[in-house]
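The next block holds one structure in the form of structure tokens; read it before the comments.
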Amino acid sequence: MTGNKRGFSLVELMIIVAIIGIIVTLAITTYMNFIVKSRRSEVRYNLEGIYKAELSWYGEYNYFSDSFSTIRWQPEGVCQYTYFLGGAEYKGKDILANPEPTAPSPPIVPATVAGSSFTAKAWGNIDNDPTFDVWHINDVKDMQNTVDDLSS
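The numbering of the sequence shown is the working numbering, which starts it at 143 and goes up by one.
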């Protein structure tokens with residue numbers, strides 16, 4: 143009985159499954175890097191917005207404010223970070239719906255306002271591990287990533 147053998151052998155199927163697995167792994171890694179970069183662009187953009195709002199307020203009233211509502215700053219869209227200015231705190235909609243993991247607050251520069259200077263801060267968990275990503279900006283536009291969530 144010699145007939146045409148149709149179909150794939152088990153070895154051929156296993157090779158195809160292995161190739162698909164490698165491609166999926168590479169795609170997921172690239173996708174996660176894209177997500178992390180987009181979340182980091184949010185914090186840079188929003189801290190820059192706080193800086194500009196504070197500078198505008200200072201130009202008009204000759205002191206920096208410790209309130210987001212006073213300087214009329216409110217971020218657009220869904221936030222992945224919590225923002226601090228003096229005693230004010232802003233938690234985005236996404237953070238309220240999905241609270242941060244229960245971990246101690248990160249050791250960071252305090253958010254202060256002292257009339258002629260200010261430091262605003264932000265922190266969030268961009269890759270779902272116990273370490274927070276921490277940023278701050280001050281009245282001389284010195285923006286720093288004081289705790290890097292990706293390096294831990």
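Virtual Cβ for every residue (Gly too), placed ideally from N, Cα, C.
Tell me which residue opens and which closes the beta strand (DSSP E) that residue i is part of.
| i | result |
| --- | --- |
| residue 199 | Note, residue 199: premise wrong, no beta strand (DSSP E); alpha helix (DSSP H) at 152-203. |
| residue 263 | 260-266 |
Can the beta-carbon of residue i be found closer than 8 Å to that of residue j?
| i | j | result |
| --- | --- | --- |
| residue 260 | residue 287 | no |
| residue 285 | residue 182 | no |
| residue 199 | residue 211 | no |
| residue 278 | residue 256 | no |
So which of the options has the shortest CA-CA distance to residue i?
| i | options | result |
| --- | --- | --- |
| residue 231 | 156, 182, 155 and 192 | 192 |
| residue 276 | 253, 166 and 282 | 253 |
| residue 269 | 177, 151 and 168 | 177 |
| residue 221 | 150, 289, 188 and 282 | 188 |
| residue 218 | 150, 282, 152 and 184 | 184 |
*Indicate whether the contact test is met: 3 or more Cβ pairs, each with one atom in the segment 215-231 and one in the segment 156-175, closer than 8 Å.*
Contact fails: fewer than three Cβ-Cβ distances are below 8 Å.
*Flag this pair as touching only if the segment 153-161 and the segment 198-206 have three or more C-beta atom pairs under 8 Å; answer yes or no.*
No contact exists between the segment 153-161 and the segment 198-206.
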